[in-house]
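Contents: one structure, followed by commentary.
4 protein chains.
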Amino acid sequence: MNTDTARQVRALRETVARLHGELTRYALVAWTAGNVSARVPGQDLMVIKPSGVDYDALTADTMVVCDLHGTVVDGDAAPSSDTAAHAYVYRAMPEVGGVVHTHSSYATAWAARGEAIPCWLTAQADEFGGEIPVGPFALIGGDDIGKGIVSTLSGHRSPAVLMRNHGVFTIGRDARAAVKAAVMCEDVARTAHLARALGQPLPMAQADISSLHDRYQNVYGQRSTGGSPGVPRRS
Amino acid sequence: MNTDTARQVRALRETVARLHGELTRYALVAWTAGNVSARVPGQDLMVIKPSGVDYDALTADTMVVCDLHGTVVDGDAAPSSDTAAHAYVYRAMPEVGGVVHTHSSYATAWAARGEAIPCWLTAQADEFGGEIPVGPFALIGGDDIGKGIVSTLSGHRSPAVLMRNHGVFTIGRDARAAVKAAVMCEDVARTAHLARALGQPLPMAQADISSLHDRYQNVYGQRSTGGSPGVPRRS
Amino acid sequence: MNTDTARQVRALRETVARLHGELTRYALVAWTAGNVSARVPGQDLMVIKPSGVDYDALTADTMVVCDLHGTVVDGDAAPSSDTAAHAYVYRAMPEVGGVVHTHSSYATAWAARGEAIPCWLTAQADEFGGEIPVGPFALIGGDDIGKGIVSTLSGHRSPAVLMRNHGVFTIGRDARAAVKAAVMCEDVARTAHLARALGQPLPMAQADISSLHDRYQNVYGQRSTGGSPGVPRRS
Amino acid sequence: MNTDTARQVRALRETVARLHGELTRYALVAWTAGNVSARVPGQDLMVIKPSGVDYDALTADTMVVCDLHGTVVDGDAAPSSDTAAHAYVYRAMPEVGGVVHTHSSYATAWAARGEAIPCWLTAQADEFGGEIPVGPFALIGGDDIGKGIVSTLSGHRSPAVLMRNHGVFTIGRDARAAVKAAVMCEDVARTAHLARALGQPLPMAQADISSLHDRYQNVYGQRSTGGSPGVPRRS
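Protein chains in written order, with the working numbering: chain A, 164 to 398; chain B, 164 to 398; chain C, 164 to 398; chain D, 164 to 398.
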């Protein structure tokens, strides 16, 4: 690792450790069940949470650096048990710079029924560009979860996938964008749940959904922070 | 800007920044999706949240001052993407001194179904004087949202409107009153949701609703803080 | 006020101010909508929250001392708009030393349907001795709310009443016991709501409920803190 | 008590006091209704919460040391009113080093209906190895609760039991593992509740559930912290 890469890794260790605080702030995770990773730009490396460590105990130093096959390159701890899925996404989707995994309650409830979240809210149109899709059931331990994420999100506007009977994976151009997608996924999953619990929510026109998504990805936020919070689309 | 106006603007920058803390305290907002603004009394100016900035990072200095057409007059950041809606309300409703926008979950669930919240609670009678009405579906980017808010709330007792498939806008004689209406809107939306989830809530007599509303607007609170927390009625 | 009474009042001002922190800790209240009071033992006096003041701003000094008809005896602020109801309870129920009022969401949802909470939980048997009853609809401003509380709770084991379309009032031998009843009322209201939302909860035998209530009122807790947390029964 | 035992007891007093902070962090408990205990390894002793004491006031010094029949050996306060149930579990299940009791809302709602929580989530397969079972209704005060816990959990993969109309008891090889099981029990109970509220969750294959459970109990976490978070299985 040269000096520039070492400096980048150091900064990402801090960013990734700190971003886990957003998962607890929004109550997306219980105990140690959720994780954030970031790709080291221009390197076949990622920074990820150690496995089974309390969120309170996470620091830059306890983060783990792996290659994109999940082999530890730097760090004393074993990496997250979801490392293989993160690594697969980085290998298959070069535009992705951050990956997040949670079992947030409302989103995971939709995943347990195997139901995509229909787009009934402008906030969902903004961030997800339509429904939030369901991915296949897949066992942990190999590439199956990673393949399910990539096959579901490739060519899809949504940066979030509901993995069946499991939970949420989100992607972003960096770790912060992926964390934002995880926060917004639970937020719209909750509101959609509550809306449908008492009746039938009103549909939105597809043209309105697309118009909202286009505007949000290109206009929202401060110019200096780069505009679009999601993953640049490839089409 | 003369000295008096500058002093007023300074105070409102601090008030508006601080009031966003009530949105996070009551979990009315996720990530950066919600905003507060205040009219500068006697001026065609408003103070509003910058776009896409974390709530933790909001300070008096990061607030943005705009004229009532949304043009930035003072501030380094782009104003909230909802600035046009706030500005339209201030232009059309001179008695309004504060506007708040959230996607709070329970209230937005009613909005997704396009259902007004019936008045089943004395707390709703106090603050809203009856049902909380639904406004039209409107796209962001022009005056449509502002028009929908104003046409729904004009002549209505409620300081809150549920914009269809979108979220909540509230008004008040000042920013604090509008924030209070946003907090109470989610509170009664949640209780009404829970009540109807297990059966049919009991209706309240219209005369009782009116009696409660009159009393609350005129008697409640400390005399020194001005009595009525809502917008002075125009009839 | 002699020196002993002044000392008692001073201590109760601190206790009552501090106990409001339990209402916010358990999210039983929104904005300023909930209040705690304590009787000054042996005096026709009570200490109560000022009207419309933020929970963060409550201190011993801002509490208000009233006689048992709600007339202010000591304090700069107007007392809670629910003062008449608290005062009526103290006049009618000499064994009561504390009163609490909230609009906590789940309990108030039962109140909006006018349904008592059936006893499906050992925790409810412990604290409430059976169902939590519903009181009548009553307008604020006179003795109607107080009369509704007293007529419902007199001779009833429950220290909590669900006032129709309104919210919760609880009583206790002191303010802390009344606050505990308010916390437990929302807790069992939520669990009972969730239980019934997906089916029919299992009934408990009346003899088991009575046995649990007797044990809890007489055995639970540290001997030095006086045993029973509720109101001493009169039969 | 010899010096080594005294040192062990001292450490467990601190651990048990601190672990109660996880019950409040995850909102598993209201007021004082929930408790943690730990077996003193190799001794017929346990460390447990005092009865009816606020979670804020818990310190190492206020914990109570009892023998495995619930008789106080060291401590100024009366032990938890659930001490007999904890003691029975330690006597009957020598592999158990920690016991936790809560009335957490979603899990207790399943208990109120007397329904086991079906396994619809990989997180539940990981921690519980299948459904979370229901134990019998039992009155406090003797060995009935303890017997119900032991008869339900003996030979079962789940470290959690839903005691009918009552709440949750969890076991673990130490107090931390039992607390984790209590946290995860409420988490999966909530997600399962939400999933079933809007339809029928998708079943998981028994082979997949077993595969996930085996992997999680043997692979997850850091090797240095001992691997499996649950109770070592006896078959």
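Note that beta-carbon positions come from the ideal geometry of N, C-alpha and C, so glycine has one too.
Integer-rounded CB distance, given that residue 273 of chain D should sit under 8 Å from residue 358 of chain D: That pair is no contact at about 13 Å.
Contact set between residue 346 of chain D and chain A, taken where Cβ atoms lie within less than 8 Å: Residues of chain A whose Cβ lies closer than 8 Å to the Cβ of residue 346 of chain D are, in chain order, 193, 194.
In chain order, what residues of the same chain have a beta carbon less than 7 Å from the beta carbon of residue 362 of chain C, not counting five sequence neighbours either side? Nothing listed; no residue qualifies.
Straight-line gap, residue 253 of chain B to residue 217 of chain C (C-alpha atoms, nearest Å): It is roughly 27 Å from the alpha-carbon of residue 253 of chain B to the alpha-carbon of residue 217 of chain C.
Please report the distance separating the alpha-carbon of residue 240 of chain B from that of residue 173 of chain C. Residue 240 of chain B and residue 173 of chain C: Cα-Cα distance of roughly 50 Å.
Put residue 335 of chain C into one of helix, strand or coil per three-state DSSP. Note: residue 335 of chain C maps to strand in three-state DSSP.
For the stretch 296 to 318 of chain C, which residues have a beta carbon sitting closer than 8 Å to at least one beta carbon of chain B? Under the 8 Å Cβ criterion, the stretch 296 to 318 of chain C contributes 300, 302, 303, 304.
Sheet register partners of residue 264 of chain C (DSSP bridge): DSSP lists C:198, C:332 as partners of residue 264 of chain C.
Are the C-beta atoms of residue 354 of chain C and some chain D residue less than 7 Å apart? Yes - at least one Cβ of chain D is within 7 Å of the one on residue 354 of chain C.
I believe residue 286 of chain B touches residue 347 of chain B by the beta-carbon criterion, under 8 Å. Please report the beta-carbon distance rounded to the nearest angstrom. With a Cβ gap of about 7 Å, residue 286 of chain B and residue 347 of chain B count as contacting.
Between the Cα of residue 355 of chain C and those of D:270, D:167, D:208, spot the shortest distance and give me the residue it belongs to. Considering only alpha carbons, the answer is D:270.
List the residues that DSSP assigns as beta-bridge partners of residue 325 of chain A. Per DSSP, A:297, A:331.
Closest Cβ-Cβ distance between residue 293 of chain A and chain B: below 7 Å? With a threshold of 7 Å between beta carbons, residue 293 of chain A makes no contact with chain B.
Using a Cβ-Cβ distance under 7 Å, would residue 362 of chain C count as near chain D? The beta carbon of residue 362 of chain C sits closer than 7 Å to some beta carbon of chain D.
Any chance you could list the beta strand (DSSP E) runs of at least 3 consecutive residues sitting entirely within the stretch 223 to 264 of chain D, in chain order? At a cut-off of 3 residues, the continuous stretches assigned as beta strand (DSSP E) that sit fully inside the stretch 223 to 264 of chain D are 227 to 230, 235 to 237.
Between which two residues does the alpha helix (DSSP H) harbouring residue 308 of chain B extend? Looking at the DSSP string, the run of the alpha helix (DSSP H) that includes residue 308 of chain B is 307 to 316.
Counting C-beta neighbours from all protein chains within 10 Å, is the total for residue 330 of chain B 16 or more, i.e. buried, or is it exposed? So residue 330 of chain B ends up on the buried side.
Contact residues within the stretch 259 to 288 of chain D, judged by C-beta distance below 7 Å to chain A: Of all residues in the stretch 259 to 288 of chain D, 283, 284, 285, 286 have a Cβ within less than 7 Å of some Cβ in chain A.
Please tell me whether residue 261 of chain C and residue 196 of chain C are closer than 7 Å, where the distance is taken between their beta carbons. At a Cβ-Cβ threshold of 7 Å, residue 261 of chain C and residue 196 of chain C do not count as neighbours.
Helix, strand or coil: how does DSSP classify residue 209 of chain A here? It is a strand residue.
How many angstroms separate the CA atom of residue 376 of chain D from the CA atom of residue 303 of chain A? Residue 376 of chain D and residue 303 of chain A have their C-alpha atoms some 11 Å from each other.
Proximal chain A residues relative to residue 337 of chain D, where beta-carbon distance stays under 7 Å: What residue 337 of chain D touches in chain A: nothing, since even the nearest Cβ is about 15 Å away.
Helix, strand or coil at residue 351 of chain B according to DSSP, with G and I counted as helix: In this structure, residue 351 of chain B counts as helix in the three-state DSSP scheme.
Taking 7 Å as the threshold (beta carbon to beta carbon), is residue 357 of chain C in contact with chain D? Judged by the 7 Å Cβ criterion, residue 357 of chain C is in contact with chain D.
Indicate whether residue 291 of chain C and residue 317 of chain C have their beta-carbon atoms separated by less than 7 Å. At least 7 Å separates the beta-carbon of residue 291 of chain C from that of residue 317 of chain C.
Checking contacts by CB at 7 Å: is residue 381 of chain B closer than that to chain A? So no, residue 381 of chain B is outside the interface.
Just curious, the alpha helix (DSSP H) that residue 184 of chain C is in, first and last residue? Where residue 184 of chain C is concerned, the enclosing alpha helix (DSSP H) starts and stops at 166 to 188.
Taking 7 Å as the CB-CB cut-off, is residue 208 of chain A touching chain B? Output row for residue 208 of chain A: interface = no.
Could you list which residues in chain D have their beta carbon closer than 9 Å to that of residue 329 of chain A, in chain order? Going along chain D in sequence order, the residues near residue 329 of chain A (Cβ under 9 Å) are 284, 285, 286.
Using the Cβ count rule (16 or more neighbours within 10 Å means buried), how would you classify residue 219 of chain B? That one is exposed.
Check whether the stretch 292 to 301 of chain C and the stretch 229 to 239 of chain C touch, using three or more Cβ-Cβ pairs below 8 Å as the test. These segments do not touch.
What residues in its chain sit with their C-beta under 7 Å from that of residue 183 of chain A, if we drop five residues either side in the sequence? Only 199, 212, 218, 221 meet the Cβ criterion.
Contacts around residue 186 of chain C, its chain only, beta-carbon distance under 8 Å, and the 5 residues preceding and following it disregarded: Within the same chain, 192, 197, 199, 218, 263, 265, 342, 345 come within 8 Å of residue 186 of chain C by CB-CB distance, once the 5 residues on both sides are set aside.
Nearest candidate by alpha-carbon position, reference residue 175 of chain C, set C:164, C:166, C:201: Scanning C:164, C:166, C:201 for the CA closest to the CA of residue 175 of chain C turns up C:201.
Straight-line Cα distance separating residue 188 of chain B from residue 257 of chain B: Their backbone Cα atoms lie some 29 Å apart in a straight line.
Kindly list the residues whose CB is nearer than 7 Å to the CB of residue 306 of chain B, restricted to its own chain and excluding five residues on each side of it in sequence; keep chain order. So the qualifying residues of the chain are 247, 251.
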